[in-house]
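Remarks on the structure that follows.
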Amino acid sequence: MSKQIKLSKRLQLVASLLPKGANFADIGSDHAYLPCFVCMNDPTAHAISGEINQGPYESAKQTVLAYNLTQRVDVRLGDGLSILDDNEVNEIVIAGMGGSLITSILEAGKKKLDKVDRIIVQPNIDERSVRQWFMDNGYTIESEKLLEENGHLYEIICARKNHDQQSLELSEKDLLFGPILRKNKSNDFMNKWLAIYKKQQRIIKQMEHSVHASEKRVNQFKAECKWMEEELQIAKKLDK
Ligand SMILES: C[S@@+](CC[C@H](N)C(=O)[O-])C[C@H]1O[C@@H](n2cnc3c(N)ncnc32)[C@H](O)[C@@H]1O
Numbered sequence: 013m014s015k016q017i018k019l020s021k022r023l024q025l026v027a028s029l030l031p032k033g034a035n036f037a038d039i040g041s042d043h044a045y046l047p048c049f050v051c052m053n054d055p056t057a058h059a060i061s062g063e064i065n066q067g068p069y070e071s072a073k074q075t076v077l078a079y080n081l082t083q084r085v086d087v088r089l090g091d092g093l094s095i096l097d098d099n100e101v102n103e104i105v106i107a108g109m110g111g112s113l114i115t116s117i118l119e120a121g122k123k124k125l126d127k128v129d130r131i132i133v134q135p136n137i138d139e140r141s142v143r144q145w146f147m148d149n150g151y152t153i154e155s156e157k158l159l160e161e162n163g164h165l166y167e168i169i170c171a172r173k174n175h176d177q178q179s180l181e182l183s184e185k186d187l188l189f190g191p192i193l194r195k196n197k198s199n200d201f202m203n204k205w206l207a208i209y210k211k212q213q214r215i216i217k218q219m220e221h222s223v224h225a226s227e228k229r230v231n232q233f234k235a236e237c238k239w240m241e242e243e244l245q246i247a248k249k250l251d252k
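First residue of the sequence shown: 13, per the numbering used here; consecutive thereafter.
What follows is the structure in structure tokens.
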């Protein structure tokens with residue numbers, strides 16, 4: 013089949029962060045559209061498609077077969093990075109899962125990351141926990157993207173190992189907003205955080221009227237709202 017794979021804008025943006033000649037693993041690959049797309053568009057690229065569930069694993073094998081890519085996309089069944097041999101890939105992609113699942117996959121597979129130069133993640137929620145993991149494990153955030161597709165705003169983070177062992181220091185605001193995203197402050201960024209701010213304000217009000225609400229949680233939400241006000245000058249915008 014020579015037909016081009018139609019990839020979502022989200023996965024196209026993930027693919028664009030891979031270098032030419034990438035030798036990468038796509039963990040939680042589902043239909044293996046991303047590795048097939050990359051290998052079809054770059055004849056020097058190679059990929060391993062990893063899946064924990066039998067159904068998506070079978071779908072991935074079918075896609076690879078259909079696009080005649082069995083020599084360059086190796087589909088494997090298993091949990092996270094356990095499907096990889098040591099030093100087998102240079103880049104890792106983990107997209108379309110929650111941040112805590114992504115960090116647990118990275119944490120459990122740490123030993124496989126020695127030779128990995130780039131990790132590209134697209135957490136659906138809880139991006140902060142992934143940034144925290146990168147900071148705790150000596151990675152630098154090289155680029156961050158924010159993309160709107162079908163009403164969702166997706167964050168994509170590309171991190172590289174700090175070979176000089178210097179640890180990356182991220183402030184609480186960097187962890188929450190993203191060190192690069194907060195510098196750029198795109199329209200999508202402003203819209204995302206304005207929506208979260210309004211939602212969190214409503215939740216705080218509800219929690220203040222509830223006897224069951226945890227004080228710690230209310231204070232955390234209030235602190236975050238204050239960061240949003242400072243970072244985005246939200247109060248001024250809402251007054252308009
Ligand atoms: C929502 S899909 C995302 C698919 C694709 N990466 C994307 O971004 O469109 C998540 C996939 O990750 C797989 N998955 C979940 N936990 C996994 C793990 N620990 N190891 C490998 N795959 C996993 C699921 O079976 C599912 O196919």
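Ideal Cβ placement from N, Cα and C applies to all residues, glycine included.
Next on the checklist: Less than 8 Å between the beta carbons of Leu25 and Phe49, yes or no?
Outcome noted: no
Checklist entry - If you count every other CB in all the chains shown that lies within 10 Å of the CB of Gln134, and 16 or more means buried, which is it? => result buried
Next on the checklist: Any heavy atom of ligand 1 closer than 7 Å to the beta-carbon of Pro11?
Outcome noted: Absent from the model: residue 11. The displayed extent of the chain is 13 to 252, so no value can be given.
Checklist entry - Helix, strand or coil: which one does DSSP assign to Cys237? => result helix
Checklist entry - Below 8 Å, can you find three or more Cβ-Cβ pairs linking the segment 97–113 to the segment 72–81? => result Cβ pair count under 8 Å is below three, so no.
Item to check | Reference Gln144; option with closest CA among Glu236, Arg88, Thr115 and Asn65 | outcome: Ranking the options by Cα distance to Gln144, first place goes to Thr115.
Item to check | Beta-carbon separation (whole angstroms), Asp38 vs Gly62, contact threshold 8 Å | outcome: 7 Å
Item to check | Cα-Cα separation between Glu161 and Arg22, rounded to whole angstroms | outcome: Going by the C-alpha atoms only, they are around 7 Å apart.
Item to check | Candidates Ala120, Gln16 and Cys237: closest to Lys211 by CA position | outcome: Cys237
Item to check | Segment limits, beta strand (DSSP E) that includes Arg88 | outcome: Val85 to Leu89
Checklist entry - Sorry if obvious, but does the Cβ on Asn65 come closer than 7 Å to a heavy atom of ligand 1? => result Because some heavy atom of ligand 1 lies under 7 Å away, the Cβ of Asn65 counts as near it: yes.
Next on the checklist: For Ser41 and Asp148, what's the separation of their Cα atoms in angstroms?
Outcome noted: Put simply, the backbone Cα of Ser41 is about 26 Å away from that of Asp148.
Item to check | N- and C-terminal bounds of the beta strand (DSSP E) containing Gly33 | outcome: Segment: none, Gly33 is in no beta strand (DSSP E) and carries neither H nor E.
Next on the checklist: Quick check on DSSP: helix, strand or coil for Asp251?
Outcome noted: Its pLDDT being 46, under 50, Asp251 is placed unreliably in this model, and the coordinates cannot settle the point.
Item to check | Three-state secondary structure assigned by DSSP to Leu182 | outcome: coil
Next on the checklist: Could you give the first and the last residue of the continuous alpha helix (DSSP H) run that contains Pro68?
Outcome noted: Annotation: the continuous alpha helix (DSSP H) that includes Pro68 extends over Gln66 to Ala78.
Item to check | Opposing strand residues paired with Leu46 [DSSP bridges] | outcome: Paired residues: none, contrary to the question.
Item to check | Continuous beta strand (DSSP E) stretch holding Ala107: start and end | outcome: Glu103 to Met109
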